[in-house]
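S.K.:
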Amino acid sequence: MKKIFLSIVLMIGFLSSGFGQSVTYRVTKNDPYDIKNLSVAIDPLFMDINGQNGFSGGWGLRADFLYGKLAQINFDMRSAFGTRGYDIKDKNTRNYFYMEGALGLIISNKEVTRNLPIILSSSSYSSGGYTYTRTVSIRGGVPGIVRKMVMLRAGSYQMTNTFSYKGLDSTLMFKSSAGTFTRKQMESRVNTKDYQVEFGGFASTAIFAGFNFKTITQLVLDVDGYGTRGNIRYTDFYIDGIFAPIVSLKNFNAMDTVTDAQTKFDVKKEGKRLFGWRMGWMMRKPKDQGFSFKFEFGQRPDFKRDKYFKDMYMMMTFGLYVPLRIKPIYDPNN
Amino acid sequence: MKKSLIIMVLSILSWNAHSQIGFNCQYVPGVQFGFTSVKTDGWGKYKYGAGLATMMIDRMTSKWYSNLDMNSLYYSLTQINRGKYAKIAKNEGGLFAGRLGRVFGKSDDTRFGFYFGLGMSQSNIDSVAKVTFESGGVKSFWNYGLGLLAYKKIGRLHAMAKVGYDIWSWKKTNLKGGQIILEGTVGYKLYQKYGISVMPCFYIKSFTFDSRKTTGTSTNSTPDKGKSSTFVLRLGLTKFF
Numbered sequence: 003m004k005k006i007f008l009s010i011v012l013m014i015g016f017l018s019s020g021f022g023q024s025v026t027y028r029v030t031k032n033d034p035y036d037i038k039n040l041s042v043a044i045d046p047l048f049m050d051i052n053g054q055n056g057f058s059g060g061w062g063l064r065a066d067f068l069y070g071k072l073a074q075i076n077f078d079m080r081s082a083f084g085t086r087g088y089d090i091k092d093k094n095t096r097n098y099f100y101m102e103g104a105l106g107l108i109i110s111n112k113e114v115t116r117n118l119p120i121i122l123s124s125s126s127y128s129s130g131g132y133t134y135t136r137t138v139s140i141r142g143g144v145p146g147i148v149r150k151m152v153m154l155r156a157g158s159y160q161m162t163n164t165f166s167y168k169g170l171d172s173t174l175m176f177k178s179s180a181g182t183f184t185r186k187q188m189e190s191r192v193n194t195k196d197y198q199v200e201f202g203g204f205a206s207t208a209i210f211a212g213f214n215f216k217t218i219t220q221l222v223l224d225v226d227g228y229g230t231r232g233n234i235r236y237t238d239f240y241i242d243g244i245f246a247p248i249v250s251l252k253n254f255n256a257m258d259t260v261t262d263a264q265t266k267f268d269v270k271k272e273g274k275r276l277f278g279w280r281m282g283w284m285m286r287k288p289k290d291q292g293f294s295f296k297f298e299f300g301q302r303p304d305f306k307r308d309k310y311f312k313d314m315y316m317m318m319t320f321g322l323y324v325p326l327r328i329k330p331i332y333d334p335n336n
Numbered sequence: 008m009k010k011s012l013i014i015m016v017l018s019i020l021s022w023n024a025h026s027q028i029g030f031n032c033q034y035v036p037g038v039q040f041g042f043t044s045v046k047t048d049g050w051g052k053y054k055y056g057a058g059l060a061t062m063m064i065d066r067m068t069s070k071w072y073s074n075l076d077m078n079s080l081y082y083s084l085t086q087i088n089r090g091k092y093a094k095i096a097k098n099e100g101g102l103f104a105g106r107l108g109r110v111f112g113k114s115d116d117t118r119f120g121f122y123f124g125l126g127m128s129q130s131n132i133d134s135v136a137k138v139t140f141e142s143g144g145v146k147s148f149w150n151y152g153l154g155l156l157a158y159k160k161i162g163r164l165h166a167m168a169k170v171g172y173d174i175w176s177w178k179k180t181n182l183k184g185g186q187i188i189l190e191g192t193v194g195y196k197l198y199q200k201y202g203i204s205v206m207p208c209f210y211i212k213s214f215t216f217d218s219r220k221t222t223g224t225s226t227n228s229t230p231d232k233g234k235s236s237t238f239v240l241r242l243g244l245t246k247f248f
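Sequence order for the protein chains is A and B.
Note that the working numbering has the first sequence beginning at 3, numbered continuously upward.
Note that the working numbering has the second sequence beginning at 8, numbered continuously upward.
1. Please decide whether Ala-60(B) counts as near chain A, where near means a Cβ-Cβ distance under 9 Å.
2. Helix, strand or coil: how does DSSP classify Phe-248(B) here?
3. When the cut-off is 9 Å and only beta carbons count, does Leu-322(A) lie next to chain B?
4. What is the DSSP secondary structure of Asp-313(A), counted as helix, strand or coil?
5. Can you give me the Cβ contacts of Ser-158(A) inside the same chain, cut-off strictly under 6 Å, excluding the 5 residues immediately before and after it?
6. By the criterion of Cβ-Cβ separation under 7 Å, what are the contact partners of Thr-85(B) in chain A?
7. Give every residue of the same chain whose Cβ lies closer than 8 Å to the Cβ of Ile-203(B), excluding the five residues on either side of it in the sequence, and list them in chain order.
8. Rounded to the nearest angstrom, how far is the Cβ of Gln-198(A) from that of Asp-92(A), given a contact under 8 Å?
9. Should Ala-93(B) go down as buried or exposed, given a rule of 16 or more other Cβ atoms within 10 Å for buried?
10. CB-CB under 8 Å to Phe-83(A), same chain, minus the five flanking residues each way: which ones, in chain order?
11. Any beta carbon of chain A sitting closer than 9 Å to that of Gln-39(B)?
12. Answer yes or no: do Asp-313(A) and Arg-302(A) have a C-beta to C-beta separation smaller than 9 Å?
13. Which residues in the same chain have their Cβ closer than 7 Å to the Cβ of Gln-86(B), if we skip the five residues on either side of it in sequence?
14. State yes or no: is the beta carbon of Ser-225(B) nearer than 9 Å to at least one beta carbon in chain A?
15. What in chain B is Cβ-close to Asn-97(A), meaning under 7 Å?
16. Skipping 5 residues on each side, what residues in its chain have a beta carbon closer than 8 Å to that of Lys-168(A)?
17. So, do the segment 128-146 of chain A and the segment 167-187 of chain A have three or more beta carbon pairs nearer to each other than 8 Å?
18. Inspect the beta-carbon positions of Leu-322(A) and Arg-231(A) and report whether they are closer than 9 Å.
19. Looking at the unbroken beta strand (DSSP E) that takes in Asn-32(A), where does it start and where does it end?
20. Determine, using beta carbons only, whether Gly-131(A) comes closer than 9 Å to chain B.
21. For Met-285(A), which option in Asn-214(A), Pro-330(A), Lys-274(A) and Phe-277(A) has the closest C-alpha, if you only look at C-alpha atoms?
22. I'd like to know whether the C-beta of Trp-61(A) is nearer than 9 Å to at least one C-beta of chain B.
23. Relative to the C-alpha of Trp-50(B), which residue among Val-239(B), Thr-237(B), Phe-248(B) and Pro-230(B) is closest?
24. Here's the rule: buried if 16 or more other CB atoms are within 10 angstroms of the residue's CB, otherwise exposed. What is Ala-57(B)?
25. Determine, for Asp-290(A), whether the minimum Cβ-Cβ distance to residues of chain B falls below 9 Å.
26. Expressed to the nearest angstrom, what Euclidean distance is found between the alpha-carbon atoms of Leu-40(A) and Ser-218(B)?
27. For the pair the segment 148-157 of chain B and the segment 122-134 of chain B, tell me if three or more CB-CB distances fall below 8 Å.
28. Please list, in chain order, the chain B residues whose beta carbon lies closer than 8 Å to that of Leu-47(A).
29. Flag Tyr-195(B) as yes if its beta-carbon sits less than 9 Å from any beta-carbon of chain A, otherwise no.
30. I believe Gly-112(B) touches Phe-103(B) by the beta-carbon criterion, under 8 Å. Please report the beta-carbon distance rounded to the nearest angstrom.
31. If we ignore side chains and look at the alpha-carbon of each, how far apart do Ser-79(B) and Gln-39(B) end up?
32. Measuring only between beta-carbons, confirm whether Val-205(B) sits less than 9 Å from chain A.
33. Does DSSP put Leu-80(B) in a helix, in a strand, or in coil?
34. Could you name each continuous alpha helix (DSSP H) segment of 4 residues or more that falls completely within the segment 163-231 of chain A, going from the start of the chain to the end?
35. Just verifying my parser: in three-state terms, what is the DSSP assignment at Arg-259(A)?
36. Kindly list, in the order they appear in chain A, the residues whose Cβ is closer than 7 Å to that of Lys-246(B).
Below, the structure is given as structure tokens:
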């Protein structure tokens, strides 16, 4: 473990130091406006690590559409094929499902010229149990046009998930006409072979608003001795505040062995938190088809736990996207 | 740190900057149809269908061939919610396996070459029973081998064929064996650089191992012998160079 950690540190160190080189090159493309503004991605795998149940993983669909220089529309849907605590035959638990839509109004659209880093070659080798990476780049970078957009965005999401009751005994109650019970008391009221009292269902509907910062570069060079190299980016960084009018736990349906009746227990938990926040990144190429990535973390509106970090989440996903060129596309030259 | 991250991302994005021939068959996501039939001394004959979703990349460029196979790992992930109720595990293929090859030729449409394969893979050669992730029904093993490949481009149609042999080995279950690999790929360019590809694959396997039925942990028992064959048809989006 120590060796792996040291290898990573050394690798990052070598990457950041790099080797600058003077070379002859011709700029074959420097146009961040020649883009495919719609992309639809199928994500074979996402991972959502959260305080509600630990983790969920599954597949998803994503789309982003840049409407001229007016707006951007985003769509994101995720459905889990693995949710911790979820049992497909236990109707009291819910599978992870998430769907959101967002609209961003572009409030700033400008271009700047910056020296962009260009990688000429990158190679790794191992010695003495460590892995070293040598990166050769063009010294000082190459001036390229960077298109920068700032968007004011807003949207809403809906999600369901399995909710772990563990560790929440002092603030969690199961109410029915027969009385109010703690989770421990519930374990003796229902047959735990048929009903797991450790997990329940969670649902939330929320609205969010924030800023999205988009950066596009498309600098392609023909470098003597190296061939085609470039600095190609289509990235979004966003930061949102979240408000959820609906944060709820699913009723717990079970056979009450004391009353000998199928009973609906209203699950109540103290400490509902209606506000949250998040920030995230999305990456793809401006024109070419390939794999896109999305990573975000923050704190969703939820029920409070004993420690702040337990209410946080981190989600990452990647997928194969198909880019398309759909009008209107903004081009300052036309 | 920021510069390091940008350099790392750019390294990944500029990976295919030189490619002019070949295709990138992206079965991530992709689908597959087919079956595996197994015959062992201990379990007799049984058959299971192919897991639908795939996680594999099969890539041919003007100089290099590479393959990343995580089909069995992805199948396991897709079964986390359902695994407890699954009738039989359909694990087949790589947990984390890959191939790297070199191709030769200077024409605009043809390449020949060879590849080496290495990784950890799985096959359900030890059970007809309901299998969860905790059980020992699915066998894992190291696989390593080599093969030959040929590639031909005819207009919008790209075709590739591979013949190879993999050796299997896993000490814990005394598993030894191997498989003959026959793979074909036909890709068709539909729009700009993009299209679809179909990959018919046939794997013929023979092996010996300590099965749960014959041995458990006993060292005196006779190892199980078995044969298995897998036929699958994979479909996925493809990028043409």
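Ideal Cβ positions, reconstructed from N, Cα and C, are used throughout, including at glycine.
M.R.: Taking the definition as stated:
1. Here residue 60(B) refers to the residue found at position 53 of the second sequence. Interface residue, yes.
2. Working through the second sequence from its first residue, we reach residue 248(B) at position 241. If DSSP states are grouped into helix, strand and coil, Phe-248(B) belongs with coil.
3. Start at 1 with the first residue of the first sequence, and residue 322(A) comes out as number 320. So, interface residue.
4. Position 311 of the first sequence, counted from the start, is the residue given in the question as residue 313(A). Residue state, collapsed to three classes: helix.
5. As a first step, residue 158(A) is located in the first sequence; it is residue number 156 there, counting from the start. Result list for Ser-158(A): Ile-209, in chain order.
6. Locating residue 85(B) in the second sequence gives position 78, where the first residue counts as 1. In chain order: Phe-83.
7. Walking along the second sequence from the start, residue 203(B) turns up at place 196. So the list reads Gly-194, Tyr-195, Leu-197, Leu-242, Gly-243, Leu-244 and Thr-245, once near-sequence residues are dropped.
8. One-based indexing of the first sequence puts residue 198(A) at position 196. One-based indexing of the first sequence puts residue 92(A) at position 90. Contact holds; Cβ gap of about 6 Å.
9. Here the question's residue 93(B) lines up with position 86 in the second sequence. Burial call: exposed.
10. Position 81 of the first sequence, counted from the first residue, corresponds to residue 83(A). Counting only Cβ-Cβ distances below 8 Å, and skipping sequence neighbours, we find Gly-59, Gly-60 and Trp-61.
11. Residue 39(B) sits at position 32 when you count from the first residue of the second sequence. No, no contact with chain A.
12. Start at 1 with the first residue of the first sequence, and residue 313(A) comes out as number 311. Start at 1 with the first residue of the first sequence, and residue 302(A) comes out as number 300. Yes, Cβ-Cβ distance for Asp-313(A) and Arg-302(A) is below 9 Å.
13. The count along the second sequence starts at 1 and reaches residue 86(B) at position 79. Once the five neighbours on either side are set aside, the close Cβ partners of Gln-86(B) are Ala-93.
14. As a first step, residue 225(B) is located in the second sequence; it is residue number 218 there, counting from the start. For Ser-225(B), the predicted structure reports a pLDDT of 49, less than 50, and the residue's modelled location is therefore unreliable. The matter cannot be settled from this model.
15. Position 95 of the first sequence, counted from the start, is the residue given in the question as residue 97(A). Going along chain B in sequence order, the residues near Asn-97(A) (Cβ under 7 Å) are Asn-88.
16. Translated into positions along the first sequence, residue 168(A) becomes position 166. Excluding sequence neighbours, Lys-168(A) sits near Glu-200.
17. no
18. Translated into the one-based positions of the first sequence, residue 322(A) becomes position 320. Translated into the one-based positions of the first sequence, residue 231(A) becomes position 229. No, Cβ-Cβ distance for Leu-322(A) and Arg-231(A) is not below 9 Å.
19. Indexing the first sequence from 1 puts residue 32(A) at position 30. First-last of the beta strand (DSSP E) with Asn-32(A): 27-32.
20. Translated into the one-based positions of the first sequence, residue 131(A) becomes position 129. Closer than 9 Å: no.
21. What you label residue 285(A) is simply residue 283 of the first sequence in a count that begins at 1. Ranking the options by Cα distance to Met-285(A), first place goes to Asn-214(A).
22. Taking the first sequence and counting its residues from 1, the one referred to as residue 61(A) is at position 59. Yes, contact with chain B.
23. Numbered from 1 along the second sequence, position 43 holds the residue referred to as residue 50(B). It is Pro-230(B) whose Cα lies nearest to the Cα of Trp-50(B).
24. Counting from one through the second sequence, the residue named residue 57(B) turns up at place 50. By the neighbour-count rule (16 or more Cβ atoms within 10 Å), Ala-57(B) is buried.
25. The count along the first sequence starts at 1 and reaches residue 290(A) at position 288. True, the Cβ-Cβ gap to chain B drops below 9 Å.
26. Within the first sequence, numbered from 1, the residue matching residue 40(A) stands at position 38. Within the second sequence, numbered from 1, the residue matching residue 218(B) stands at position 211. Distance between the alpha carbons of Leu-40(A) and Ser-218(B): 52 Å.
27. yes
28. For this step, residue 47(A) is matched to residue 45 along the first sequence. Met-62, Tyr-81 and Leu-84, listed in chain order.
29. Along the second sequence, read from residue 1 onward, the residue named residue 195(B) stands at position 188. Not one chain A Cβ lies under 9 Å of Tyr-195(B).
30. Along the second sequence, one-based indexing puts residue 112(B) at 105. Along the second sequence, one-based indexing puts residue 103(B) at 96. Contact flag wrong, Cβ pair sits at about 30 Å.
31. Here residue 79(B) refers to the residue found at position 72 of the second sequence. Here residue 39(B) refers to the residue found at position 32 of the second sequence. Between Ser-79(B) and Gln-39(B), the C-alpha separation is close to 12 Å.
32. Indexing the second sequence from 1 puts residue 205(B) at position 198. With 9 Å as the cut-off, Val-205(B) does not count as an interface residue toward chain A.
33. Position 73 of the second sequence, counted from the first residue, corresponds to residue 80(B). Note: Leu-80(B) maps to helix in three-state DSSP.
34. 185-191
35. What you label residue 259(A) is simply residue 257 of the first sequence in a count that begins at 1. It is Thr, not Arg, that sits at residue 259(A) in the sequence shown. Three-state result, Thr-259(A): coil.
36. Walking along the second sequence from the start, residue 246(B) turns up at place 239. Within 7 Å Cβ-Cβ: Gln-291.
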